[in-house]
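Report on one structure; see the data block that follows.
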Amino acid sequence: MCPEIVDEAAQVWFGPQHVSAHGWATKLTIVGDYIVECDPNAGYFHRSAEKCLEFRNFQQGALIMERLCMLEAFLAEYPYVKAVEQIAQLDVPERARVMRTIMMEASRIHSLQFWWGQFGAELGLFAMTLWPWVDREYFLDAFEELTGSRHAVSYSAPGGVKYDFNEKSIKMLERALDRLEDRLPKFRDMILRSPTFKLRTKKIGLFDAAQGLKWGLSGPNIKACGIPMDLRKDDPDPNLAYEMCDWEVPVTTNEDHPGQCDAYDRMSQRFKEIETSASIIRQLLPQVPEGPIIDPKARAKANRLPEGEAYGRVEGTRGVTTLFLKTADKAQTPYRAKIRGPCFASYYSLKHLVPGSTFADFVVIFGSLDPYPGWWDR
Amino acid sequence: MSEPDIYLTTVSPSAVAQAVRSKCPDVTQKSMQGNRLELIVPPSRIRDVVGLLNELISDALPESVFGIDLQNDRYELIYVFWSHLNRMLCQLRVSLEGTVPEVDSVCDIFPGLEWHERETHEMFGIGFKGHPDLRLLLLPEELSGKYPLRKRFKTDRSRLSETGLPEARPGSKEAET
Chain A
0 MCPEIVDEAA QVWFGPQHVS AHGWATKLTI VGDYIVECDP NAGYFHRSAE KCLEFRNFQQ
60 GALIMERLCM LEAFLAEYPY VKAVEQIAQL DVPERARVMR TIMMEASRIH SLQFWWGQFG
120 AELGLFAMTL WPWVDREYFL DAFEELTGSR HAVSYSAPGG VKYDFNEKSI KMLERALDRL
180 EDRLPKFRDM ILRSPTFKLR TKKIGLFDAA QGLKWGLSGP NIKACGIPMD LRKDDPDPNL
240 AYEMCDWEVP VTTNEDHPGQ CDAYDRMSQR FKEIETSASI IRQLLPQVPE GPIIDPKARA
300 KANRLPEGEA YGRVEGTRGV TTLFLKTADK AQTPYRAKIR GPCFASYYSL KHLVPGSTFA
360 DFVVIFGSLD PYPGWWDR
Chain B
0 MSEPDIYLTT VSPSAVAQAV RSKCPDVTQK SMQGNRLELI VPPSRIRDVV GLLNELISDA
60 LPESVFGIDL QNDRYELIYV FWSHLNRMLC QLRVSLEGTV PEVDSVCDIF PGLEWHERET
120 HEMFGIGFKG HPDLRLLLLP EELSGKYPLR KRFKTDRSRL SETGLPEARP GSKEAET
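Chains as they are written, first to last, in numbering that gives the first Met the number 0: chain A, 0 to 377; chain B, 0 to 176.
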């Protein structure tokens, strides 16, 4: 920066009190209306989850994981469960595999509904906030019926799942899907065709796929650039049931800027994600086989694990979510657990993505990456 | 629409291993299970190997860098890269020793690793030479230099006197650490 600009520059803390900052703070250096420097500050939400995991046994660990991101609790706990299953070499009954997959996709829909409501609020379109949040309640009701809890669901356990589907929970899940499928197309047209929304999001926060990958972005943020990068297809998991249904990785390609994505593309990509997840659930629901939901010896086997290392991965709502687990011989707790949250990269990328844009667009760029502080602070 | 540039070249895990080992003969290959490649890299070679991965794998996603405390002043660093195009997971392992372990930073090659290195520095006390910004990322100021993810960090007793709670029961999990 040349000295004249520095003289004019003002430093503004965006958050933690700002409504759209949701309790975390980013230091912005501003000249006039333009942001010249962005310094994201993590740590406001740090609860030392990795150290906590070292003091919890292999049944309890998943409970800490789901509390990192309550919006996608079914997905957040899975990398831990998967890593334990790998080290203990547990077999998962087929019924549990399908049920897990269904609930993970329902969780993805729920998380995305929460996100686009919140994104509306950040743009100042407050009515848009409440539309999906009403629909989201129906999913929460279904979660409550199945697991007894609306957010901290604690569903997957090493070797299977904890709660069996019953008639009522399936009916509630179908009711939530019916409502979603009825209302989502209307909302999508209403938002994506709205001139106000287009003005606010087109050409805002533009980056290309190669750049995004270098920053560590994944999930919908990369798929919006037209690259079908999705762990559900790329790294098929034998303990899940994605191969039992017919689906394609949704991608968004924009004719105006191929290989790149802006906030508008990321929004339309996430609508496609919701549709894909709904179609996966619709296909899997009639295919749930009869049988046990958990390997009866799983609990004993996961009590003490042999020495080993495992890397559990799942395609979360926001991108690649992984957990590295290292155990000592006959250990009851992990020796080391490392969580990789997808938003660690999206929050970091603001440092490169934001400078040059106007102050008013900061919320749009930030919001369109689907940030969740639990994933970067852990 | 034309395909994005990063979509042009594919490379197999064995070809990557071969290219790395011909450039850096002191790198050893641990195992190869399916699409997972694991290389053991001497600390002095990490920049060469990561630079080579960047050239060979056009769509490398830097997943993470993290430390493991192996106790008695021995540490292990693991670098994880994923390639969607090649369906390849590449893990690099670096062993470090000493009271002030140090390794070259690779965040100019993969900017996404900048914060991972910063976190590893504050949690394990591993230095990254050439890193532009090693301030604390997640920890509060009073934990600066305490390196809480090291095994010798006392989790529950370290600040117990401030809370006024009694000492941990002898033989309990907390007392052992």
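For every residue, glycine included, the Cβ atom is placed at its ideal position computed from N, Cα and C.
Those residues which DSSP pairs with residue i across a bridge
{"i": "I29 (chain A)", "result": "A:A9, A:I34"}
{"i": "S155 (chain A)", "result": "A:V160"}
{"i": "S30 (chain B)", "result": "B:E37"}
{"i": "V313 (chain A)", "result": "A:T320"}
{"i": "T357 (chain A)", "result": "A:Y33"}
{"i": "P285 (chain A)", "result": "None, per the DSSP bridge assignment."}
{"i": "L304 (chain A)", "result": "A:A330"}
{"i": "S206 (chain A)", "result": "Just to set this straight, residue 206 (chain A) is Phe in the shown sequence, not Ser. A:C260, per the DSSP bridge assignment."}
{"i": "K325 (chain A)", "result": "A:E308, A:R335"}
Burial state of residue i (16 or more Cβ within 10 Å)
{"i": "A59 (chain B)", "result": "buried"}
{"i": "Q268 (chain A)", "result": "buried"}
{"i": "V133 (chain A)", "result": "exposed"}
{"i": "M87 (chain B)", "result": "buried"}
{"i": "K167 (chain A)", "result": "exposed"}
{"i": "G31 (chain A)", "result": "exposed"}
{"i": "L212 (chain A)", "result": "buried"}
{"i": "L129 (chain A)", "result": "exposed"}
{"i": "S1 (chain B)", "result": "Reliability of the predicted coordinates at S1 (chain B) is poor, the pLDDT of 42 falling under 50, and the value obtained from them is presented with this limitation in mind. Flag for S1 (chain B) reads exposed."}
{"i": "M189 (chain A)", "result": "exposed"}
{"i": "R231 (chain A)", "result": "buried"}
{"i": "G60 (chain A)", "result": "buried"}
{"i": "E62 (chain B)", "result": "buried"}
{"i": "V97 (chain A)", "result": "buried"}
{"i": "N253 (chain A)", "result": "buried"}
{"i": "V313 (chain A)", "result": "buried"}
{"i": "F125 (chain A)", "result": "exposed"}
Rounded straight-line distance, which links the Cα of residue j to that of residue i
{"i": "Q282 (chain A)", "j": "C244 (chain A)", "result": "6 Å"}
{"i": "R187 (chain A)", "j": "F270 (chain A)", "result": "7 Å"}
{"i": "G307 (chain A)", "j": "H150 (chain A)", "result": "32 Å"}
{"i": "S153 (chain A)", "j": "E71 (chain A)", "result": "11 Å"}
{"i": "T176 (chain B)", "j": "E53 (chain A)", "result": "Note that T176 (chain B) scores a pLDDT of 49, beneath 50, so its modelled location is shaky; the value from the coordinates is reported in the next line. About 11 Å."}
{"i": "P219 (chain A)", "j": "F142 (chain A)", "result": "24 Å"}
{"i": "F365 (chain A)", "j": "Q16 (chain A)", "result": "16 Å"}
{"i": "M103 (chain A)", "j": "K161 (chain A)", "result": "14 Å"}
{"i": "E76 (chain A)", "j": "E65 (chain A)", "result": "5 Å"}
{"i": "D144 (chain A)", "j": "M31 (chain B)", "result": "First, the amino acid is wrong: residue 144 (chain A) is Glu here, not Asp. Whole-angstrom Cα-Cα distance: 44 Å."}
{"i": "N238 (chain A)", "j": "K81 (chain A)", "result": "8 Å"}
{"i": "M127 (chain A)", "j": "A175 (chain A)", "result": "19 Å"}
{"i": "T9 (chain B)", "j": "H83 (chain B)", "result": "10 Å"}
{"i": "K197 (chain A)", "j": "Y263 (chain A)", "result": "7 Å"}
{"i": "E180 (chain A)", "j": "D261 (chain A)", "result": "26 Å"}
{"i": "E225 (chain B)", "j": "A309 (chain A)", "result": "The requested residue 225 (chain B) is not part of the displayed model; chain B covers only 0 to 176."}
{"i": "C68 (chain A)", "j": "K22 (chain B)", "result": "42 Å"}
{"i": "K29 (chain B)", "j": "G42 (chain A)", "result": "36 Å"}
{"i": "E54 (chain B)", "j": "K350 (chain A)", "result": "24 Å"}
{"i": "R55 (chain A)", "j": "P333 (chain A)", "result": "8 Å"}
{"i": "A299 (chain A)", "j": "M171 (chain A)", "result": "33 Å"}
{"i": "P3 (chain B)", "j": "P295 (chain A)", "result": "Residue confidence is low: P3 (chain B) scores 46 on pLDDT, short of 50, so the model does not pin down where it sits. No coordinate-derived value is stated."}
Contacts of residue i in chain B (Cβ-Cβ under 9 Å)
{"i": "G215 (chain A)", "result": "L60, P61, E62, S63, F109, P110, G111, L112, W114, H115"}
{"i": "R339 (chain A)", "result": "E62, S63, F65, V79, H115"}
{"i": "A359 (chain A)", "result": "What A359 (chain A) touches in chain B: nothing, since even the nearest Cβ is about 26 Å away."}
{"i": "L324 (chain A)", "result": "What L324 (chain A) touches in chain B: nothing, since even the nearest Cβ is about 11 Å away."}
Chain A contact residues for residue i, given Cβ-Cβ distances below 7 Å
{"i": "P12 (chain B)", "result": "Correct list: empty, because the minimum Cβ distance to chain A is about 13 Å."}
{"i": "H130 (chain B)", "result": "Residues of chain A passing the Cβ test: none, with the nearest at roughly 14 Å."}
{"i": "H120 (chain B)", "result": "Those do not exist, as H120 (chain B) stays about 14 Å from chain A at its closest Cβ, beyond 7 Å."}
Proximal chain A residues relative to residue i, where beta-carbon distance stays under 8 Å
{"i": "P147 (chain B)", "result": "S47, K50"}
{"i": "L136 (chain B)", "result": "A41, G42"}
Neighbouring residues, chain A, relative to residue i (Cβ below 9 Å)
{"i": "R86 (chain B)", "result": "D233, D234"}
Amino acids of chain B, ordered along the chain, whose beta-carbon sits closer than 8 Å to that of residue i
{"i": "T321 (chain A)", "result": "E62, S63, V79"}
{"i": "L27 (chain A)", "result": "Simply none; closest approach about 17 Å."}
{"i": "M64 (chain A)", "result": "By Cβ distance, chain B contributes nothing, its closest Cβ being about 16 Å from M64 (chain A), past 8 Å."}
{"i": "H351 (chain A)", "result": "P110"}
Interface residues of chain B facing residue i [CB-CB closer than 7 Å]
{"i": "A344 (chain A)", "result": "G111"}
{"i": "R335 (chain A)", "result": "I67"}
{"i": "D376 (chain A)", "result": "L137"}
{"i": "L239 (chain A)", "result": "Those do not exist, as L239 (chain A) stays about 17 Å from chain B at its closest Cβ, beyond 7 Å."}
{"i": "M228 (chain A)", "result": "H83"}
Residue i Cβ short of 8 Å to the ligand ZN heavy atom set
{"i": "I190 (chain A)", "result": "Among the components modelled here there is no ligand, and therefore nothing to report on the ligand ZN."}
Where are the alpha helix (DSSP H) runs, 4 residues long or more, that stay fully inside the segment 62 to 130 of chain B, in chain order?
-> List check, alpha helix (DSSP H) in window: 113 to 123.
Quick one: complete beta strand (DSSP E) runs, 3+ long, within the segment 96 to 156 of chain A?
-> Listed in chain order, nothing qualifies, since the segment 96 to 156 of chain A has no complete beta strand (DSSP E) run of 3 or more residues.
Segments of 4+ residues assigned as alpha helix (DSSP H) that fall wholly inside the segment 170 to 202 of chain A | The qualifying runs are 194 to 200.
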